[in-house]
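Participant:
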Amino acid sequence: MNEDEIKGTAKKVVGTAQEVVGKVANDEQLEAKGYLNQALGAVQDGYGKVRDKVKDIVDDAPATARGAIDSGRDYARRGSAVVARATGDNTVLVAAVAAGVAGLALGWLAWSRRGGRKTGE
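Our numbering applies: residue -3 is where the sequence shown begins, and numbers increase by one.
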């Protein structure tokens, strides 16, 4: 719980008290001030919660990125092993597969730089 959550909760409590006292004392201004403080407190409390969540996401980002990189390396190693088993010592086949993959990558890059497929084409 951060400072904004604490202050927001306090404003909501004060606002509720002001609302009740305003109703009992038949003071519409105090009652309205209570409603306002409750609303302001809810906004500040919500802001504090969002701020905490964003901080958690930012703090977890390096570990998440490391995990994604490790998974990518693992998939690349497994893919290389599968290609090696499938092609064996056939150098021509390996070159053809490499050229095909490079061609697909270049085609995808050119397509994505162009903005992808446009509607109506």
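Ideal placement from N, C-alpha and C gives every residue a C-beta, glycine not left out.
Since the model is a prediction, treat every value here as computed from it, not as a measurement.
1) Helix, strand or coil: which one does DSSP assign to Asn(-2)?
2) To the nearest angstrom, report how far apart Arg81 and Asp48 are at their CA atoms.
3) For Asn(-2), which option in Val50, Val17, Gly11 has the closest C-alpha, if you only look at C-alpha atoms?
4) Looking at Leu26 and Gly37, is the spacing between their C-beta atoms short of 8 Å?
5) Report the three-state DSSP secondary structure of Trp33 (helix, strand or coil).
6) One question on the structure: do Gly96 and Gln40 come within less than 8 Å of each other, judged by their Cβ atoms?
7) By DSSP, does Ala21 sit in helix, in strand, or in coil?
8) Quick check: Lys118 and Glu1, are their CB atoms within less than 8 Å of each other?
9) Return the residue from the list Ser76, Ala77, Lys7 that minimises the CA-CA distance to Leu32.
10) Please report the distance separating the alpha-carbon of Ala106 from that of Val93.
11) What beta strand (DSSP E) runs, 3 residues minimum, are completely inside the segment 49 to 81?
12) Which whole-angstrom value is the C-beta distance of Thr12 and Gln34, which I expect to be below 8 Å?
Facilitator: On the basis of the coordinates in this document:
1) For the purposes of this step, residue -2 is identified with residue 2 of the sequence shown, where counting begins at 1. Asn(-2): coil per DSSP, three-state reduction.
2) Stepping through the sequence shown from its first residue, residue 81 is reached at position 85. Stepping through the sequence shown from its first residue, residue 48 is reached at position 52. Arg81 and Asp48: Cα-Cα distance of roughly 49 Å.
3) What you label residue -2 is simply residue 2 of the sequence shown in a count that begins at 1. Cα-wise, what sits closest to Asn(-2) is Val50.
4) Along the sequence shown, one-based indexing puts residue 37 at 41. Along the sequence shown, one-based indexing puts residue 26 at 30. Not in contact: Gly37 and Leu26 (Cβ atoms no closer than 8 Å).
5) Within the sequence shown, residue 33 is the residue found at index 37, counting from 1. Note that residue 33 is Asn in the sequence shown, not Trp. Three-state DSSP puts Asn33 in a helix.
6) Numbered from 1 along the sequence shown, position 100 holds the residue referred to as residue 96. Numbered from 1 along the sequence shown, position 44 holds the residue referred to as residue 40. Their beta carbons are not under 8 Å apart, which means Gly96 does not touch Gln40 by this criterion.
7) Here residue 21 corresponds to residue number 25 of the sequence shown, with the count starting at 1. Note: Ala21 maps to coil in three-state DSSP.
8) Nothing about residue 118 can be read from this structure; the chain reaches only from -3 to 117.
9) Against the sequence shown, residue 32 aligns to sequence position 36. Minimum Cα distance to Leu32 is reached at Lys7.
10) Along the sequence shown, read from residue 1 onward, the residue named residue 106 stands at position 110. Along the sequence shown, read from residue 1 onward, the residue named residue 93 stands at position 97. Roughly 20 Å separates the two Cα atoms.
11) none
12) In the sequence shown, the residue the question calls residue 12 occupies position 16. In the sequence shown, the residue the question calls residue 34 occupies position 38. Yes, Thr12 and Gln34 are in contact; Cβ-Cβ is about 6 Å, under 8 Å.
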